[in-house]
Every structure is written in structure tokens, then in C-alpha cells.
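Engineer:
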């Protein structure tokens with residue numbers, strides 16, 4: 023979501039009114055959403071900057087954290103460095119690439 027708007031569009035309206043088919047509709051409806059939010063007594067915060075606020079948060083929360091098992095959600099490796107220096111992780115990656123090149127899993 024953050025890359026689609028690249029910080030250039032009012033993307034919050036899309037999450038409240040998801041069936042609008044136009045960025046212009048999102049931009050136009052934002053003023054009405056802002057009025058409704060203020061009327062309800064909720065804070066209306068300014069949009070975040072993609073490069074200074076959103077991307078650093080994504081990098082810290084998603085790219086620089088160790089991998090978790092998708093089922094148990096337990097950490098598989100103790101750190102980001104341990105994950106990337108692990109021989110078993112490298113072997114898994116090489117096998118995955120070889121299977122892809124050989125056509126396993128392709129349509």
C-alpha cells in the first residue's frame with residue numbers, strides 16, 4: 023500500500039472507502055472524512071512522509087528482523103545476522119532456486 027501512493031496521494035481515504043476506483047475520488051473524499059473524524063472528536067493527523075517516516079519503520083519492523091516460523095510464529099534464528107550466515111538457510115535457498123529452475127512449482 024505505501025508504495026502504490028508513494029506518499030503522493032491521500033491513501034487513508036482508500037482504507038475507509040475501499041470501493042472508490044479513482045485516486046481523485048480518494049483525494050476529494052478526504053475532506054469529508056476529515057470533517058467526520060473531527061466531529062467525532064478523534065484526532066486528525068497529517069499524512070506521513072514515505073521516505074522519512076514510513077520506509078524506516080518498514081525496514082525496522084520487516085526487513086531487519088529474524089525470520090519466524092509461519093505456523094508457530096516462533097523465531098527461527100536468534101538474529102538477522104545469524105539467519106543470513108546460517109549454512110542451513112543457504113542450503114534451503116539453493117535448493118529452492120534449483121527447484122524453481124527445474125520447473126517444480128511452475129505453472
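In the working numbering, the protein residues as written are 23 to 129. C-beta atoms are modelled at their ideal positions from N, C-alpha and C, and glycine is treated no differently.
For the 8 Å Cβ check, are there 3 or more pairs between the segment 38–57 and the segment 70–78?
Structural biologist: Contact annotation: the segment 38–57 does not touch the segment 70–78, with fewer than three C-beta pairs closer than 8 Å.
Engineer: With DSSP as the reference, identify every bridge partner of residue 97, one or two as the case may be.
Structural biologist: Reading the chain shown from its first residue, position 75 is the one you call residue 97. Looking at the DSSP assignment, residue 97 forms a beta bridge with 90.
Engineer: Residue 106 by DSSP, collapsed to three states: which one?
Structural biologist: If you number the chain shown from 1, residue 106 lands on position 84. Note: residue 106 maps to helix in three-state DSSP.
Engineer: Going straight from the alpha carbon of residue 35 to that of residue 48, what length do you get?
Structural biologist: Counting from 1 along the chain shown, the entry for residue 35 is found at position 13. Counting from 1 along the chain shown, the entry for residue 48 is found at position 26. Those two C-alpha atoms are separated by around 5 Å.
Engineer: Alpha carbon to alpha carbon, how far is residue 45 from residue 39?
Structural biologist: The count along the chain shown starts at 1 and reaches residue 45 at position 23. The count along the chain shown starts at 1 and reaches residue 39 at position 17. Taking the straight line joining both Cα atoms gives about 12 Å.
Engineer: Among 126, 89 and 124, which has the Cα closest to the Cα of residue 108?
Structural biologist: To locate residue 108, count along the chain shown from 1; it is residue 86. Looking at the Cα atoms, 89 is the closest of the given residues.
Engineer: Output the distance between the C-alpha atoms of residue 56 and residue 42, rounded to the nearest integer angstrom.
Structural biologist: By one-based count along the chain shown, residue 56 stands at place 34. By one-based count along the chain shown, residue 42 stands at place 20. Near 17 Å, if we compare the C-alpha coordinates of residue 42 and residue 56.
Engineer: On the CB-based measure, 16 or more other CB atoms within 10 Å of its CB, does residue 33 come out buried or exposed?
Structural biologist: On the chain shown, position 11 is the one that residue 33 refers to. Buried.
Engineer: Please return the same chain residues whose Cβ sits closer than 7 Å to the Cβ of residue 117, not counting the five positions on each side in sequence.
Structural biologist: As a first step, residue 117 must be located in the chain shown, where it is residue number 95. The answer is none, since no qualifying residue turns up.
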